[in-house]
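What follows is one structure encoded as structure tokens, with my remarks underneath.
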Amino acid sequence: MKIDKIVLRKVAMPLQSVFETSFAAMTTKKYIVVEVYSEGLIGYGECSANEFPLYNEEFQDGAWVLLKNIMVPMLLKNQDLINHPDDTSELFKHIRKNNMAKSSINCAVWDLYAKKKGLPLAKALGGSKDKVETGVSIGIQKDADTMLKVVEGYLNEGYRRVKIKIKPGHDIDIMSAVRKEFGPDLPLQADANSAYTLNDISVMKELDDLNLVLIEQPLSHDDIIDHAKLQAQIKTRVCLDESILSVEDARKAIELKSCGIINIKVARVGGLTEAKKIQAYCMSQGIPVWCGGMVDAGIARVHNIAIATLPGYKIANDIPASSRYYAEDIVTPLVKMEGTYVRVPEATGIGYEIDQDNLDKFTYEHCEIAK
Ligand code: MG
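In the numbering used here, the protein residues as written are 64 to 434.
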């Protein structure tokens, strides 16, 4: 695949409201946009590494140096080896972890590949759905009353599946109040982002009584052993997020019975190529998956829409409308809800245009690298 040049951008976008998880409160989303130029076409990727290395080991400035000094020069030098997006995974396989940096290039090359083939990205990936179900992820609020108002607001916007971030001290009361207020039929799930240990089994058992769709990553970010011990003691499905970085991790977790469902984040697993492998393996094992998010801006959001068209994505995904997090986005039009779904675009590649004015406005540093 001929690559003429690659542009990297550091981007900062203000959030509509603070998004608080068990490890941080975010008011501005910082990320990197990767643009791969090839024979008149541009493939777009988004590196989701946050400003600080709190969700995983990656952070925006670190990913910037890795991309700029090592990965982009490697890609340019070895462009003759890249005939398919999967070849970028092969090219970077000796770089340990740093999956979000890898993902940004893999996704950009997938976009480019689909555009060259004249296919929507979803079709290029093998997907078949024309819409994907979406849910909302709600950050930690100061108390239960505030949470009830926030949940009600999102239900009024059309969301029908609610995921709530929890941490010790902000768990049972909040989740019980939401279950009581909105009834037994609301698909409700909790995400702890690794905030608990097996010493908190009593909390997990109380959550187990609330008929949740799943409990996401309750224990350590790199654990699959204790999660298996927990899963054996509760009927609610444990969902792994942070612990699954590859299809090999998924295999081990499923063999150990550490989870009943897996949240596939394209960025966390190194791109669409590895996400496809995890989806295929989980399907072969009868384990459902769904698509998680990283408070994504427009490019990552539409990559997520494409991957969630694959079979095996069985429950509502964290692929909300652009307006969930942002007043303005870098794709146009904004991603909107249709009922409880977002539509899969039919145009080639990611299927959305880049809003160049907004992308330029939110870019605060950029560089251009040619062979
Ligand atoms: Mg999560």
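C-beta: ideal position from N, C-alpha, C; glycine also.
Where residue i falls, given that 16 or more other Cβ within 10 Å makes a residue buried
{"i": "Ser265", "result": "exposed"}
{"i": "Ala390", "result": "exposed"}
{"i": "Lys156", "result": "exposed"}
{"i": "Cys430", "result": "exposed"}
{"i": "Thr458", "result": "Residue 458 is absent from the model: the chain starts at 64 and stops at 434."}
{"i": "Ala88", "result": "exposed"}
{"i": "Ala371", "result": "buried"}
{"i": "Pro408", "result": "buried"}
{"i": "Tyr259", "result": "buried"}
{"i": "Asn380", "result": "buried"}
{"i": "Asn132", "result": "exposed"}
{"i": "Lys434", "result": "exposed"}
{"i": "Ser321", "result": "buried"}
{"i": "Gln296", "result": "exposed"}
{"i": "Lys160", "result": "exposed"}
{"i": "Gln348", "result": "exposed"}
{"i": "Lys298", "result": "exposed"}
Beta-carbon proximity check, residue i vs residue j, cutoff 9 Å
{"i": "Leu78", "j": "Val405", "result": "no"}
{"i": "Met64", "j": "Ser111", "result": "no"}
{"i": "Ala185", "j": "Ile378", "result": "no"}
{"i": "Leu154", "j": "Leu144", "result": "yes"}
{"i": "Met163", "j": "Asn219", "result": "no"}
{"i": "Ile158", "j": "Val99", "result": "no"}
{"i": "Met238", "j": "Leu261", "result": "no"}
{"i": "Val172", "j": "Ile432", "result": "no"}
{"i": "Pro383", "j": "Ser200", "result": "yes"}
{"i": "Glu114", "j": "Lys93", "result": "yes"}
{"i": "Lys73", "j": "Glu428", "result": "yes"}
{"i": "Ala363", "j": "Gly356", "result": "yes"}
{"i": "Val81", "j": "Gly202", "result": "yes"}
{"i": "Pro396", "j": "Ser191", "result": "no"}
{"i": "Tyr388", "j": "Trp353", "result": "no"}
{"i": "Val394", "j": "Asp418", "result": "yes"}
{"i": "Thr426", "j": "Val96", "result": "yes"}
{"i": "Ser85", "j": "Ile288", "result": "no"}
{"i": "Lys179", "j": "Leu273", "result": "no"}
{"i": "Gly216", "j": "Thr403", "result": "no"}
Whole-angstrom distance between residue j and residue i, CA atom to CA atom
{"i": "Asp420", "j": "Thr91", "result": "19 Å"}
{"i": "Gly189", "j": "Asp206", "result": "44 Å"}
{"i": "Leu303", "j": "Ile278", "result": "9 Å"}
{"i": "Glu121", "j": "His284", "result": "14 Å"}
{"i": "Ile324", "j": "Asp234", "result": "21 Å"}
{"i": "Arg224", "j": "Gln204", "result": "18 Å"}
{"i": "Cys345", "j": "Asn326", "result": "11 Å"}
{"i": "Gly333", "j": "Cys170", "result": "9 Å"}
{"i": "Val135", "j": "His147", "result": "17 Å"}
{"i": "Ile341", "j": "Ile413", "result": "21 Å"}
{"i": "Ala313", "j": "Leu282", "result": "16 Å"}
{"i": "Ser166", "j": "Ser257", "result": "23 Å"}
{"i": "Leu335", "j": "Val329", "result": "6 Å"}
{"i": "Leu249", "j": "Leu211", "result": "13 Å"}
{"i": "Met400", "j": "Arg242", "result": "24 Å"}
{"i": "Asp174", "j": "Val214", "result": "35 Å"}
{"i": "Ile66", "j": "Pro231", "result": "49 Å"}
{"i": "Tyr107", "j": "Asp263", "result": "42 Å"}
{"i": "Ala253", "j": "Leu293", "result": "15 Å"}
{"i": "Asp236", "j": "Lys226", "result": "15 Å"}
{"i": "Ser306", "j": "Asp286", "result": "6 Å"}
{"i": "Met76", "j": "Leu130", "result": "21 Å"}
{"i": "Glu83", "j": "Ala255", "result": "11 Å"}
{"i": "Glu337", "j": "Lys315", "result": "15 Å"}
{"i": "Thr411", "j": "Val365", "result": "12 Å"}
{"i": "Ala343", "j": "Asn141", "result": "29 Å"}
{"i": "Ala177", "j": "Lys268", "result": "46 Å"}
Any chain B beta carbon closer than 9 Å to residue i
{"i": "Gly375", "result": "Structure shown: chain B not included; a single protein chain is present."}
Original post:
Which residues have their C-beta within less than 5 Å of a heavy atom of ligand 1, listed in chain order?
Top reply: Asp254, Glu279 and Asp304
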